[in-house]
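If you're matching them up, the sequences are chains B and L in order. With my numbering applied, the first sequence covers 1 to 148. With my numbering applied, the second sequence covers 1 to 148. From the three backbone atoms N, C-alpha and C, an ideal C-beta is built for every residue, glycine too. Every value quoted in this text rests on a predicted model; they were computed, and no experiment measured them. The structure appears right after this line, and notes come after that.
Number of protein chains: 2
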Amino acid sequence: MDKEYEILDSFIRFRGLRHTPQREMILRVFLSVEGHLSVEELHALAKKHDRSIGYTTVYRTMKLLSESGLADKVEFGDGIPRYEHKYNHRHHDHFVCVKCGKCFEVAHAGIEKLQETLARERDFTPLWHTMQVFGLCKDCRGIEIKLQ
Amino acid sequence: MDKEYEILDSFIRFRGLRHTPQREMILRVFLSVEGHLSVEELHALAKKHDRSIGYTTVYRTMKLLSESGLADKVEFGDGIPRYEHKYNHRHHDHFVCVKCGKCFEVAHAGIEKLQETLARERDFTPLWHTMQVFGLCKDCRGIEIKLQ
DNA sequence: ATCATTATTGAAAAACGTTTTCAATATAAC
DNA sequence: GTTATATTGAAAACGTTTTTCAATAATGAT
Ligand SMILES: [Mn+2]
Ligand SMILES: [Mn+2]
Ligand SMILES: [Zn+2]
Ligand SMILES: [Zn+2]
Chain B
1 MDKEYEILDS FIRFRGLRHT PQREMILRVF LSVEGHLSVE ELHALAKKHD RSIGYTTVYR
61 TMKLLSESGL ADKVEFGDGI PRYEHKYNHR HHDHFVCVKC GKCFEVAHAG IEKLQETLAR
121 ERDFTPLWHT MQVFGLCKDC RGIEIKLQ
Chain L
1 MDKEYEILDS FIRFRGLRHT PQREMILRVF LSVEGHLSVE ELHALAKKHD RSIGYTTVYR
61 TMKLLSESGL ADKVEFGDGI PRYEHKYNHR HHDHFVCVKC GKCFEVAHAG IEKLQETLAR
121 ERDFTPLWHT MQVFGLCKDC RGIEIKLQ
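See the structure below:
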């Protein structure tokens, strides 16, 4: 249940860092929301628990969560990186609607396998990948057609 | 041969813009290098032809080249967007070595088709996509193994 | 519990790539 | 040539992220 806190704690100890209430709180806030959140959004949420929490601390902590494997930073091409849960969440790609910004998560073993094959053919060792499909969701495509 | 200049010219006329030596020179510089170049690199090259060319003009012109379909902006996760040729270059994905930065271009119809299928299943109209595989190239994997 | 060591914090400043502003200039149409 | 206005380059502004720094807090040893 609280496996994520254990992971952060052992990562902190392993690196000779220190456990702080700020770090624990930011992890709690991060875990409380399923989705893709910017540092600004995370800081706003964190402030509800500790009005004096600093923007810098959120930046630093999210970097820590990434390094410990709890969070993943994703970029959807609008210049605002967002974080999503990584622990107990399998890898997936993103379909982003360029009209409304909605984001669909897609996991497909075939694509992963194909990437492995292409990499192997080029004597390239894949470590991770990102794939984003930009387009129009059902709702926004309708609007698009009406407008034209 | 000079189809690219025609494309830019008609795009400029279509939008009620003006033909300038700066725009023509930046296009020339851009076309002269096959690869992925940052605005900084393009500006440095442009300066060899016109010492007084402004950074801002390169930014503005590369945006124009993108809009006219001559250039494509790509991001490899290091925070530095780069531009590559788009005209007469078919779509491809990127395999980026995280050690040396080398970038391999991979075009594969199967992946494109798979993406189409996944999109259709979700009632999503794909417009474009980006796929990047990060990992170690042949040379850098060797070093990695030796170091461990 | 006290102490010493040093990691962490939050505010401010700096850094970074990019965009906006603006006055001077260049382009294109008449 | 005249006019209208798009373009230019420098500087300033911008938005996000990182760095700096003095105060504070966490940890381990005594
Ligand atoms: Mn996701
Ligand atoms: Mn390419
Ligand atoms: Zn939509
Ligand atoms: Zn390499």
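Candidates B:V106, B:E24, B:G16 and B:F134: closest to B:H89 by CA position: Measuring from the Cα of B:H89, the nearest candidate turns out to be B:V106.
B:E34 beta carbon near ligand 1 (any heavy atom closer than 6 angstroms): Short note on B:E34: C-beta not closer than 6 angstroms to any heavy atom of ligand 1.
Buried versus exposed, by CB contacts within 10 Å (16 or more), L:T61: Label assigned to L:T61: buried.
Minimum Cβ-Cβ distance from L:F124 to chain B less than 7 angstroms: Answer yes: the Cβ-Cβ gap between L:F124 and chain B drops below 7 angstroms somewhere.
Three-state secondary structure assigned by DSSP to B:R122: Judged by DSSP in its simplified three-state form, B:R122 adopts coil rather than helix or strand.
CA nearest to the CA of L:F30, picked from L:G54, L:E67, L:S10 and L:A71: Looking at L:G54, L:E67, L:S10 and L:A71, the one whose alpha-carbon comes closest to that of L:F30 is L:A71.
Partners in chain B for L:F76, counting only beta-carbon separations shorter than 7 angstroms: Those do not exist, as L:F76 stays about 10 angstroms from chain B at its closest Cβ, beyond 7 angstroms.
Chain B contact residues for L:G135, given Cβ-Cβ distances below 7 angstroms: Going along chain B in sequence order, the residues near L:G135 (Cβ under 7 angstroms) are A119, F124, T125, P126 and L127.
Test item: CB-CB of B:H94 and B:Q132 under 7 angstroms: Closer than 7 angstroms, so yes.
heavy atom of ligand 1 below 6 angstroms from B:E75 C-beta: Not one heavy atom of ligand 1 lies closer than 6 angstroms to the C-beta of B:E75.
Three CB pairs or more closer than 8 angstroms across the region 123-130 of chain L and the region 108-125 of chain B: Verdict: no, contact absent.
Below-7 angstroms beta-carbon distance, L:V39 vs any chain B residue: Any Cβ of chain B closer than 7 angstroms to the Cβ of L:V39 would place that residue at the interface, and such an atom is absent.
B:C103 Cβ short of 6 angstroms to ligand 3 heavy atom set: B:C103 has its CB no nearer than 6 angstroms to any heavy atom of ligand 3.
Length of the line joining the Cα atoms of L:H92 and L:E116: Near 15 angstroms, if we compare the C-alpha coordinates of L:E116 and L:H92.
In DSSP terms, what L:T130 is bridged to: In the DSSP output, where bridge partners are listed per residue, L:T130 has B:Q132.
Cβ-Cβ distance between L:L114 and L:S68 below 7 angstroms: L:L114 is not a Cβ neighbour of L:S68, given a cutoff of 7 angstroms.
CB contact check: B:I80 to chain L, cutoff 7 angstroms: No, B:I80 lies away from the interface with chain L (no Cβ there is under 7 angstroms from its Cβ).
Nonlocal neighbours in the same chain, by C-beta distance under 8 angstroms from L:C103, ignoring five residues either side: Excluding sequence neighbours, L:C103 sits near H36, F76, H94, F95, V96 and C97.
B:V58 in three-state terms, based on DSSP: Correct three-state label for B:V58: helix.
Which of helix, strand or coil DSSP assigns to B:H43: Under the three-state reduction of DSSP, B:H43 is assigned to helix.
Alpha carbon of B:R157 to alpha carbon of B:T56, nearest angstrom: Not covered by the structure: residue 157 of chain B. The range shown for chain B is 1 to 148.
Proximity test, Cβ basis, 7 angstroms: L:R15 and chain B: No - not a single Cβ of chain B is within 7 angstroms of the one on L:R15.
DSSP-derived helix/strand/coil call for L:K102: Coil.
Neighbour flag for B:V106 against chain L, beta carbons, 7 angstroms: It does: the Cβ of B:V106 has a partner Cβ on chain L nearer than 7 angstroms.
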